[in-house]
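These notes are about the structure you will find just below.
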Amino acid sequence: MAILKIARMGHPVLAKVAAPVDDPGGDEVVRLVEDMLETLDDIGGLGLAAPQVHVPKRVVIFHLPAARAMVEDGEAEAVQMTVLINPVIEPLSEDKNFGWEGCLSVPGLRGLVPRYTHIRYSGLGLDGGPIDREAHGFHARVLQHECDHLEGVLYPQRMTDMKWLVFESELKHVMSAAAGEREAVKA
Ligand code: NI
């Protein structure tokens, strides 16, 4: 096990389309996932995609602790740490909403990003077994953010108004102003 170095915005690995994993239970993938779990635990984020640790493969890990789900959605739709290999996302509604996102590869910044509010996602677990879930709200947002990493897309590329790309330390100044816009604007 090892704590891995995080690629930051501008590194070419973050702009690549990641390759599918052929052998989900293979030693190489198991080791990669172990290291990603240790790295995420060390940094304390919600999710991590393999390209963020310089491995251009279609692997993401994520979780949503109850306390965070409560803050973001006002309800405790907690999600246990999940390993998802070769994930596929399908929007179940055209509706999008705006929410603040950050990214370990874009340290210190936050941005207001439109995302689908209701999705289905599927893929394989580390044991090769199928995972097939529906997600709403912040849970759906986290999945869209992580899976974008597999397409070489970072959240600023999804933003519709760069006015809302701010330093984390200044977020408190813009949150209420942005909240009005979140309601008013349909992506
Ligand atoms: Ni990210």
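Numbering of the sequence shown is given in the working numbering, commencing with residue 3 and proceeding in unit increments.
We put the beta carbon where it would ideally sit given N, CA and C, even for glycine.
For Arg-10, which residues from the same chain have a beta carbon less than 6 Å from its beta carbon, with the 5 sequence-adjacent residues on both sides left out? Ser-107
For the region 162-178 against the region 126-140, do three or more pairs of beta-carbon atoms, one drawn from each stretch, fall closer than 8 Å, so that the two count as touching? no
Would you say Gly-101 and Arg-143 are within 7 Å of each other, going by their C-beta atoms? yes
Ligand 1 heavy atom lying under 6 Å from the CB of Cys-149: no
In whole angstroms, what separates the C-alpha of Gln-82 from that of Ala-71? 12 Å
Would a C-beta distance cut-off of 7 Å place Leu-94 and Ile-133 closer than the cut-off? no
Where Asp-37 and Leu-126 are concerned, what is the direct C-alpha to C-alpha distance, given to the nearest angstrom? 18 Å
For Arg-18 versus Pro-58, is the C-beta spacing smaller than 7 Å? It should be pointed out that residue 18 corresponds to Lys in this sequence rather than to Arg. The answer is yes: Cβ separation under 7 Å.
Gly-113 and Trp-166 closer than 7 Å at C-beta: yes
Starting from Thr-84, trace the beta strand (DSSP E) in both directions and tell me its first and last residue. 81-93
Neighbour-count burial assignment, Phe-64, 16 or more Cβ in a 10 Å radius: buried
So Thr-119 and Asp-150 are supposed to be a Cβ contact under 8 Å. How far apart are they, rounded? The pair is not a contact, with the Cβ atoms about 16 Å apart (cut-off 8 Å).
Quick check: the Cα distance between Ala-116 and Leu-48, rounded to an integer number of angstroms? This sequence places Pro at residue 116; Ala is not what is there. Going by the C-alpha atoms only, they are around 18 Å apart.
In whole angstroms, what separates the C-alpha of Ala-189 from that of Arg-160? Reliability fails at Ala-189, whose pLDDT of 37 lies under 50, so the model's placement of it is uncertain and the value that follows must be treated cautiously. Going from the Cα of Ala-189 to the Cα of Arg-160 covers about 10 Å.
Can you tell me the Cα-Cα spacing of Asn-99 and Ala-181, whole angstroms? 11 Å
Are Leu-86 and Val-62 touching if we call contact CB-CB under 7 Å? yes
Specify, as a first and last residue, the run of the alpha helix (DSSP H) that Arg-135 falls within. No alpha helix (DSSP H) contains Arg-135, which is instead part of the beta strand (DSSP E) from 132-138.
Assign Val-73 to one of two classes, buried (16 or more other C-beta atoms within 10 Å of its C-beta) or exposed (fewer than that). exposed
In its own chain, which residues sit with a C-beta less than 8 Å from the C-beta of Leu-190, not counting the 5 before and 5 after it? There is no way to answer for residue 190, as the model of the chain reaches only from 3 to 189.
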